[in-house]
Amino acid sequence: MVDVAEAVAGAPPGVGPPVVPDFQIVPVRGLPLVGAAIIGLVVAIAGDWKWALDFFHVVGGGMWTGIDLFVGFIIGPILGRLSLQARVEFSTRFMPKMLLLMPTLVTMTLAAGWQLARKLGNLNAGYGRHGWLVGSYIVVGVMAVIAIGLLEPANLAVLFELKKPKPDPELIGRLMKRFIYTAGITGAMQVATLVIMTRIAT
Amino acid sequence: MSTVAAPATTRKLPPVAELAVLTIALTVVGGVYMASHLPKHFSLAFPIADVVVCAALVATNVVLLARVRPFAWRTFFLVGKWALAAYAVISGMLVYAFARDHTPAGPMTVLALMLVIWAVDIPTLLAFSVARYAAP
Chain A
8 MVDVAEAVAG APPGVGPPVV PDFQIVPVRG LPLVGAAIIG LVVAIAGDWK
58 WALDFFHVVG GGMWTGIDLF VGFIIGPILG RLSLQARVEF STRFMPKMLL
108 LMPTLVTMTL AAGWQLARKL GNLNAGYGRH GWLVGSYIVV GVMAVIAIGL
158 LEPANLAVLF ELKKPKPDPE LIGRLMKRFI YTAGITGAMQ VATLVIMTRI
208 AT
Chain B
12 MSTVAAPATT RKLPPVAELA VLTIALTVVG GVYMASHLPK HFSLAFPIAD
62 VVVCAALVAT NVVLLARVRP FAWRTFFLVG KWALAAYAVI SGMLVYAFAR
112 DHTPAGPMTV LALMLVIWAV DIPTLLAFSV ARYAAP
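Chains as they are written, first to last, in my numbering: chain A, 8 to 209; chain B, 12 to 147.
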């Protein structure tokens, strides 16, 4: 952790190394919740339990879509206008939680959604809205490439940089810009998911 | 080859991240192709070709990465092992779901190979993204 006195002595706000609060890159206390969600999902799939599959797909998908939209269009632009110090304080509390939450929600949504579609016969090419379903695969695929290939590496790199004794403000700024832009893109793509899913459900 | 490291943020490194993202994109294309045809029978020519290209990209990436000197290998393996553990859980869930659906052996094998590629490629990408900025 950077010494507060060292960071602020004689420096105007926003100049000098940021003061980094102590934080865990992976919040260990959240792991039992992730484990419980995964076990619940396995039970739902094993039991071919329609309500539970629906629950995991709707809850996971709703939260995934909502969080992506909120982060992309509300949090992202606000974060971009904050001082580096404020961004650091926000990120050390926000990003570790996202590191656990988002992969769990994505796994819940996709695994339960696939099983649900199979159970309802929606996977068959003869299903009237099969084209929409394939469209949803493509949207999810593009989001996966952006999230896993660009957003998640930036998120992790920021957290590890913040753990250094002297974090590089320029590097953090650059990586956070990438995080904000990619969050905006996935947020915009979630609008397409909403259109597709409501078409399938109608 | 010089063994003196440039500052972590300005160092010229091989395109490991770019190749890893390309691999993710190609496996997604193969995965979407297969998912859009399941559960009926379909030709596996395209997905197999896709897996071969992705495997070649992963192998190229491993070779490129292994030649980087000096590199923060400790940080790389620290991130890599935990990322591998996380993706093993996610991949395991997907394999379980497909096996539960009695997916035919051919597509199941190709899907499993794609997930193996992910299990190597994604931890490599995440570990490289962190280790590239760490002191060797």
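From the three backbone atoms N, C-alpha and C, an ideal C-beta is built for every residue, glycine too.
Model, not experiment: these values are computed from the prediction.
**Prompt:** residue 71 of chain A and residue 114 of chain A look like a contact to me (Cβ under 8 Å); what is the Cβ gap, rounded to whole Å?
**Reply:** About 10 Å separates the two Cβ atoms, so there is no contact after all.
**Request:** Let me know if residue 11 of chain A comes out buried or exposed under the rule of 16 or more other beta-carbons within 10 Å of its beta-carbon.
**Result:** Since pLDDT at residue 11 of chain A reaches only 37, below the 50 mark, its modelled position is unreliable, and no value is offered.
**Asked** Does the separation of the CB atoms of residue 61 of chain A and residue 140 of chain A fall below 8 Å?
**Response** No, the pair does not count as a contact, with Cβ atoms beyond the cut-off.
**Message:** Taking 6 Å as the limit between beta carbons, can you name the residues of its chain near residue 190 of chain A, skipping five residues before and five after?
**Reply:** Apart from sequence neighbours up to five positions away, the residues of its chain that approach residue 190 of chain A with a beta-carbon distance below 6 Å are 78, 79 and 83, ordered along the chain.
**Prompt:** Which chain B residues are close to residue 30 of chain A, counting only those with a beta carbon under 9 Å from its beta carbon?
**Reply:** Among the residues of chain B, none has a CB under 9 Å from the CB of residue 30 of chain A; the nearest is roughly 16 Å distant.
**Message:** Could you tell me the alpha carbon to alpha carbon distance between residue 180 of chain A and residue 91 of chain A, rounded to whole angstroms?
**Reply:** Between residue 180 of chain A and residue 91 of chain A, the alpha-carbon positions lie close to 7 Å from each other.
**Request:** For residue 112 of chain B, return the contacting residues in chain A, with the cut-off set at a CB-CB distance below 7 Å.
**Result:** When 7 Å is used as the limit between beta carbons, residue 112 of chain B is near these residues of chain A: 125, in chain order.
**Prompt:** Which class does residue 51 of chain B belong to by DSSP, given the choice of helix, strand or coil?
**Reply:** Assigned with DSSP and collapsed to three states, residue 51 of chain B falls in coil, not helix or strand.
**Prompt:** Sorted by chain position, which residues of the same chain lie with C-beta nearer than 8 Å to residue 119 of chain B's C-beta, five sequence neighbours on each side aside?
**Reply:** Sequence-distant Cβ neighbours of residue 119 of chain B in its own chain, meaning closer than 8 Å and more than five residues away, are 109 and 110.
**Message:** I'd like to know whether the C-beta atoms of residue 68 of chain B and residue 139 of chain B end up nearer to each other than 8 Å.
**Reply:** Contact: no.
**Message:** Alpha carbons only, please: which of B:133, B:132, B:106 and B:112 is nearest the one belonging to residue 121 of chain B?
**Reply:** Nearest of B:133, B:132, B:106 and B:112 to residue 121 of chain B, Cα basis: B:106.
**Message:** Give me the chain B residues within the contact set of residue 186 of chain A, using Cβ-Cβ distance strictly less than 9 Å, ordered along the chain.
**Reply:** Residues of chain B whose Cβ lies closer than 9 Å to the Cβ of residue 186 of chain A do not exist, since the nearest Cβ in that chain is about 12 Å away.
**Prompt:** Going along chain A, which residues have a C-beta under 9 Å from residue 136 of chain B?
**Reply:** Chain A residues near residue 136 of chain B: 155, 156, 159 and 160.
**Request:** List the residues of chain A that residue 50 of chain B touches, going by C-beta distances under 9 Å, in chain order.
**Result:** Chain A residues near residue 50 of chain B: 125, 130 and 131.
**Item:** Positions along the segment 85–97 of chain B whose CB lies within less than 8 Å of some CB in chain A
**Value:** Taking 8 Å as the Cβ-Cβ cut-off against chain A, the residues of the segment 85–97 of chain B that qualify are 86, 90, 93 and 97.
**Asked** Hey, does residue 32 of chain B have any beta-carbon neighbour from chain A nearer than 8 Å?
**Response** Yes, contact with chain A.
**Environment of residue 38 of chain A [buried if 16+ CB atoms lie within 10 Å]** = Classification for residue 38 of chain A: exposed.
**Request:** Could you list the residues in the segment 87–104 of chain A with a C-beta less than 9 Å from some C-beta on chain B, going in chain order?
**Result:** If you check each beta-carbon in the segment 87–104 of chain A against every beta-carbon of chain B, none falls closer than 9 Å.
**Request:** Helix, strand or coil for residue 162 of chain A, going by three-state DSSP, please let me know.
**Result:** Looking at residue 162 of chain A - three-state DSSP - the assignment turns out to be helix.
**Request:** Can you tell me which of A:125, A:54, A:102 and A:65 puts its alpha carbon nearest to the alpha carbon of residue 204 of chain A?
**Result:** Nearest C-alpha to residue 204 of chain A: A:65.
**Message:** Between residue 164 of chain A and residue 144 of chain B, how many whole angstroms is the CB-CB distance? I'm expecting something under 8 Å.
**Reply:** Separation of the CB atoms of residue 164 of chain A and residue 144 of chain B is rounded to 6 Å, and the pair is thereby assigned contact status at 8 Å.
**Contacts around residue 193 of chain A, its chain only, beta-carbon distance under 8 Å, and the 5 residues preceding and following it disregarded** = So the qualifying residues of the chain are 75, 79, 150, 153, 154 and 158.
**Request:** Measure the beta-carbon distance from residue 124 of chain B to residue 32 of chain B and round it to whole angstroms, keeping in mind my assumption that it falls under 8 Å.
**Result:** The C-beta distance from residue 124 of chain B to residue 32 of chain B rounds to 19 Å, too long to meet the 8 Å contact threshold.
**Asked** Mind listing which residues of the segment 27–52 of chain A have their C-beta closer than 8 Å to chain B's C-betas, in chain order?
**Response** Within the segment 27–52 of chain A, the residues whose Cβ lies closer than 8 Å to any Cβ of chain B are, in chain order, 33, 45, 48, 49 and 52.
**Item:** Near-chain B residues of the segment 56–74 of chain A - C-beta to any C-beta below 9 Å
**Value:** Correct list: empty, as no residue qualifies.
**Message:** Can you tell me whether residue 78 of chain B is helix, strand or coil according to DSSP?
**Reply:** The answer is coil: DSSP assigns residue 78 of chain B none of H, G, I, E or B.
**residue 116 of chain A at chain B interface by Cβ criterion, 8 Å** = At a cut-off of 8 Å, the C-beta of residue 116 of chain A has no neighbouring C-beta in chain B.
**Message:** Quick check: what's the CA-CA separation for residue 42 of chain B versus residue 58 of chain B?
**Reply:** Using only the alpha carbons, I get a separation of about 8 Å.
**Interface positions of the segment 139–155 of chain A facing chain D (Cβ-Cβ less than 7 Å), listed along the chain** = Checking the listed chains, one finds no chain D in this structure; the protein chains it contains are A and B.
**Message:** Let me see if you follow: with CB-CB separation under 8 Å, is residue 42 of chain B close to chain A or not?
**Reply:** Yes, contact with chain A.
**Prompt:** Counting contacts by CB-CB distance shorter than 8 Å, is residue 60 of chain B in contact with chain A?
**Reply:** False, the Cβ-Cβ gap to chain A never drops below 8 Å.
**Prompt:** Would you say residue 47 of chain B reaches chain A, if we count a Cβ-Cβ gap shorter than 8 Å as a contact?
**Reply:** Yes, its Cβ sits closer than 8 Å to a Cβ of chain A.
**Prompt:** What number of angstroms, rounded off, separates the C-alpha of residue 54 of chain B from the C-alpha of residue 114 of chain B?
**Reply:** A straight-line Cα-Cα distance of about 14 Å links residue 54 of chain B and residue 114 of chain B.
**Request:** Express the C-alpha separation of residue 132 of chain A and residue 51 of chain B in angstroms, rounding to a whole number.
**Result:** Each residue's Cα considered, the two are about 8 Å apart.
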